[in-house]
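Asks:
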Amino acid sequence: MPVQKQKSEIPYLAVDLLPLIFVFITVFYCYRDFSFSKRDWIALSVSIILWCLVEYLVKHRYASLTVKRQKRFSSHLKTYISLIILEFVVLLYLPVPVMFWKQVITITFAIFALDILINFLLIDRLNGETATPKCVIVAGTGNKAKIVEDQVATSHNPGYQLKGFITCNQDACMIESKKVLGDLDNIDVYLQANAIDEIVIALPDHEKINIQKVLSVADYHGIRVKYVLDYHELFGNHYRITRFGQVDAVNIRETPCDGKFAGFIKNCFDKVFAVAALAFLLPLFLVIAILIKLESRGPVFYCPIRIGKGGKPFKLFKFRSMRQNDDSAAGTQSTQLNDPRITRIGKILRKYSIDELPQFINVLLGTMSVVGPRPHRRYLNLQLQQNVYHYMLRHYVKPGITGWAQINGWRGPTDTEEQKRQRTLHDLWYVENWSFRLDIRIIFLTIFSSKVRKNAY
117 MPVQKQKSEI PYLAVDLLPL IFVFITVFYC YRDFSFSKRD WIALSVSIIL
167 WCLVEYLVKH RYASLTVKRQ KRFSSHLKTY ISLIILEFVV LLYLPVPVMF
217 WKQVITITFA IFALDILINF LLIDRLNGET ATPKCVIVAG TGNKAKIVED
267 QVATSHNPGY QLKGFITCNQ DACMIESKKV LGDLDNIDVY LQANAIDEIV
317 IALPDHEKIN IQKVLSVADY HGIRVKYVLD YHELFGNHYR ITRFGQVDAV
367 NIRETPCDGK FAGFIKNCFD KVFAVAALAF LLPLFLVIAI LIKLESRGPV
417 FYCPIRIGKG GKPFKLFKFR SMRQNDDSAA GTQSTQLNDP RITRIGKILR
467 KYSIDELPQF INVLLGTMSV VGPRPHRRYL NLQLQQNVYH YMLRHYVKPG
517 ITGWAQINGW RGPTDTEEQK RQRTLHDLWY VENWSFRLDI RIIFLTIFSS
567 KVRKNAY
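Per this note's numbering, residue 117 is the first one in the sequence shown, and the count goes up by one each step.
1) Please go through the same chain and pick out, in chain order, the residues whose beta-carbon is closer than 6 Å to the beta-carbon of T358, but skip the five residues on each side of it.
2) Cβ atoms of Y507 and Q499: under 7 Å apart, would you say?
3) Which same chain residues end up closer than 6 Å to K295 when comparing Cβ atoms and leaving out the 5 residues on each side of it in sequence?
4) Could you tell me which of I461, V363, K428, L432 sits nearest to I408, measuring between CA atoms?
5) Terminal residues of the continuous alpha helix (DSSP H) containing Q499?
6) Do Y505 and V547 come within 7 Å of each other at the CB atom, strictly closer than that value?
7) State the Cα-Cα distance for the pair T483 and G427, rounded to the nearest angstrom.
8) DSSP has E574 in a bridge; who is on the other side?
9) Which of the three DSSP states, helix, strand or coil, is assigned to Q440?
10) Using a threshold of 7 Å, state whether the C-beta atoms of I325 and I317 are closer than that.
11) When the Cα of P491 is compared with those of L465, C289, T540, which residue comes out closest?
12) With a CB to CB cut of under 7 Å and the five nearest residues on each side skipped, what residues in its chain are close to Y276?
13) Span of the beta strand (DSSP E) holding F560?
14) Return yes when at least one heavy atom of the ligand FAD lies under 6 Å from the C-beta of V252, else no.
15) Should Q308 be labelled buried (16 or more other beta-carbon atoms within 10 Å of its own) or exposed?
16) Just verifying my parser: in three-state terms, what is the DSSP assignment at Y418?
17) Relative to the C-alpha of W526, which candidate in R537, T283, D299 has its C-alpha closest?
18) Taking C-alpha atoms, which residue in S412, H354, Q440, F377 lies nearest to P420?
19) Label E292 either buried or exposed according to how many other C-beta atoms from any shown protein chain fall within 10 Å of its C-beta, with 16 as the threshold for buried.
20) DSSP state of Y355, grouped into three classes?
21) In this structure, does DSSP put I263 in helix, strand or coil?
22) Which of the three DSSP states is assigned to N367 in this structure?
23) Roughly how many whole angstroms lie between the Cα atoms of R494 and R422?
24) Tell me the rounded alpha-carbon separation between T182 and V264.
25) CA-CA distance, F360 and L345?
26) Is the beta carbon of A378 less than 7 Å from the beta carbon of V330?
27) Give me the residue from W550, P320, L319 with the minimum Cα distance to K382.
28) Tell me whether T532 is buried or exposed, calling it buried when 16 or more other Cβ atoms sit within 10 Å of its Cβ.
29) Near D386, what residues of its chain come up, given a Cβ to Cβ distance below 7 Å and the 5 sequence neighbours on each side ignored?
30) Where V119 and D304 are concerned, what is the direct C-alpha to C-alpha distance, given to the nearest angstrom?
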């Protein structure tokens, strides 16, 4: 039912891990009679880690369990194909005998068969898809009731059967008349004549009297009740119900990065990627440092103040591409095409965005991420805050070395209203739709897409 709260993915992940562990132990029993070595336990641990990683990369197979079984089977198949590819990559770098390869392949295919069986038997039950669907009526015929009807029609969940709607007030009815079962005064008669499992209250909050009437009738007949919240009209899709002390509260503007697991994944990736990048780029950094010092006096790095996550200022690292004391005009002058302040080596650095590479140091320090909205100067930040709607919401996440706006060609100057608006819209889209897979895509396009070099000067 679409009005139920979002379920945790942990039970579903556990259901998938059970066949993995079971088959692993069974195979090793057949081969070695339960004689587990340290290497075997390491192999099992690595398998579980790879499995969880693949589950996450295939984009939360359990995020929408109300989809049809064919789509869930397709998602399972993608997961196992990805897992097999990962296994081959890992095994290529490990000195293991051919017999171990056979064991791994046997385990993988056995897990696939058992996992499909378990999912068809258990996942549907965990998701509430029972053989006998629950009969449901909706109290209300207004906008909230229409939303419920639309959700039921599109969810493909066979666990619920919508019987009809009950009119509770004289406001405009948004439900077809043939679907209206009657009004609130005769709901008691209808419930006596029909077997109903649940009543969904889809009434505005201010109709407390009618809500109480529905609750009283439901309690009298021993029928379960769900109440549809109308936060969606106020806050859109990005909110989460939580607790503030002993009272219920709503987290408004909830983003995908706010989750503990998602934040952990992003932070770990940032640190690992930054360390690898700095180690690989160190020789290039030394050559660039020498060239910068040879062309003009001044430091190798230019360290302006930028605005980061939560609107907090931080020191940004860049290779100096302008002559000393000419980097900005009181922090308000943006770089222009054929800007005379830029040095010869600076033109090359800026054209290929090499001047931004020292920001991997910022990533290690925790002030930036590899992917995120680009950080702006305080002056530009204030200007955009005053002129662009919802601009400051981009500061819900750490700024990045590259971002969604940059790979779509919206980098460089922000002179026109269209440039300001489009860059902000792309940044906000990233904040609201973040995923680890999206970060990988942005990094790939940053390296190989020609759009990134558009307006680079």
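Backbone N, C-alpha and C define an ideal beta-carbon position, used for all residues, glycine too. Remember, it's a predicted structure, so these values are computed and weren't measured experimentally.
Replies: Short version:
1) A365, N367
2) no
3) G280, F281
4) Here the closest residue by C-alpha is I461.
5) 494-503
6) no
7) Computed Cα separation, rounded: 12 Å.
8) Outside the modelled stretch of the chain, which goes from 117 to 573, sits residue 574, for which no answer is possible.
9) Correct three-state label for Q440: coil.
10) no
11) T540
12) M117, P249, K250, V252, V268
13) Counting along the chain, F560 falls outside any beta strand (DSSP E), though it belongs to the alpha helix (DSSP H) covering 552-564.
14) What this structure holds is no ligand at all, so the ligand FAD is not there to describe.
15) exposed
16) Y418 falls in the strand class under three-state DSSP.
17) R537
18) Considering only alpha carbons, the answer is Q440.
19) exposed
20) Reduced to three states, the DSSP call for Y355 is strand.
21) helix
22) strand
23) Answer to the nearest angstrom: the Cα atoms are 6 Å apart.
24) Unreliable placement is indicated for T182, whose pLDDT of 46 sits below 50; the coordinate value is still reported in the next sentence. Taking the straight line from one Cα to the other gives about 15 Å.
25) 18 Å
26) no
27) Relative to the Cα of K382, the nearest Cα in the group W550, P320, L319 belongs to W550.
28) exposed
29) V479, S485, V486
30) Here the model assigns V119 a pLDDT of 39, short of 50, so the residue's position is not dependable, and the following value carries that caveat. If you take the alpha carbons of V119 and D304, they lie about 24 Å apart.
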